[in-house]
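Here's the structure, in structure tokens; my notes come after.
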Amino acid sequence: MLKKILTGVLFMALIGTPFLAMGQDRPAGKWWRLPRVSKELHLRKDEKNELDDLFIENRRKLIDLKSELERARLDLDALLDRGSLDDDAVRRQYDRLERARENLARERFRFLLEVRRILGPERFDRLKRMYRQFRVQRRKNAIKRRRK
12 MLKKILTGVL
22 FMALIGTPFL
32 AMGQDRPAGK
42 WWRLPRVSKE
52 LHLRKDEKNE
62 LDDLFIENRR
72 KLIDLKSELE
82 RARLDLDALL
92 DRGSLDDDAV
102 RRQYDRLERA
112 RENLARERFR
122 FLLEVRRILG
132 PERFDRLKRM
142 YRQFRVQRRK
152 NAIKRRRK
């Protein structure tokens, strides 16, 4: 179960980047605004608008959660850098850091579930196939560039 969740989170975290390369005129992550993707998934205008709203809401939350994570990491580093080590304080701060990481992963996963809800299972599967095909093509292109 955890493996599926982590795979889903990783999938969603990576999904915006490859589609960005297909259309440089779009902000990072807005793959549904790429004409080819939109056409392939038969996205309606209201679905695109719903994805836009979801994207903005998600990005706002991610900004806050990433900031919380960085603060927790900084606080832990500060505790570890002190001359004398307070084991209990370090453990508590480490727990805060792990909760911050978990909250960030949970929000990314929530976004993934919402995208799946909007698209439905068939179109979501089609999106995953498109992503896998794109990754294969990107690897082939990277290999060709290295050989030159």
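Numbering (the numbering used here), first residue to last: 12 to 159.
By construction, the Cβ of each residue, glycine as well, lies at the ideal position given by its N, Cα and C atoms.
Since the structure is predicted, the reported quantities are computational estimates derived from the model, not experimental observations.
Assumed close pair L130, L52 - CB separation to whole angstroms, cut-off 8 angstroms: Indeed, because the Cβ distance is near 7 angstroms, the residues count as touching under 8 angstroms.
Straight-line Cα distance separating L96 from W43: Roughly 50 angstroms separates the two Cα atoms.
For K41, the nearest candidate out of Y105, K59 and R55 (CA to CA): Of the candidates Y105, K59 and R55, the one whose C-alpha sits nearest the C-alpha of K41 is K59.
Quick check: L76 and L115, are their CB atoms within less than 8 angstroms of each other? Taking 8 angstroms as the Cβ cut-off, L76 and L115 qualify as a contacting pair.
Considering only their Cβ atoms, is the gap separating R47 from L80 smaller than 8 angstroms? At a Cβ-Cβ threshold of 8 angstroms, L80 and R47 do not count as neighbours.
Start-end ranges of the alpha helix (DSSP H) lying completely within the stretch 105-130, minimum 4 residues: Qualifying alpha helix (DSSP H) stretches: none in this window.
For the alpha helix (DSSP H) containing D88, list its first residue and its last residue. Its alpha helix (DSSP H) spans residues K56 to D92.
Between the C-alpha atoms of Q104 and A83, what's the straight-line distance to the nearest angstrom? Spanning the two alpha carbons is a distance of roughly 7 angstroms.
Are L73 and E109 close, meaning C-beta to C-beta below 8 angstroms? Going by C-beta atoms, L73 is not nearer than 8 angstroms to E109.
Taking its Cβ as the centre, do 16 or more other Cβ atoms sit within 10 Å of L85, making it buried, or is it exposed? Answer is exposed; the Cβ neighbour count stays below 16.
For A97, does the three-state DSSP call read helix, strand or coil? Inspection of the sequence shows that residue 97 is occupied by Asp rather than by Ala. Annotated three-state conformation of D97 is coil, per DSSP.
What would DSSP say about K159, mapped onto helix, strand or coil? Here K159 carries a coil assignment [DSSP, helix/strand/coil].
Span of the alpha helix (DSSP H) holding R47? Per DSSP, R47 is one residue of the alpha helix (DSSP H) stretching across P46 to L52.
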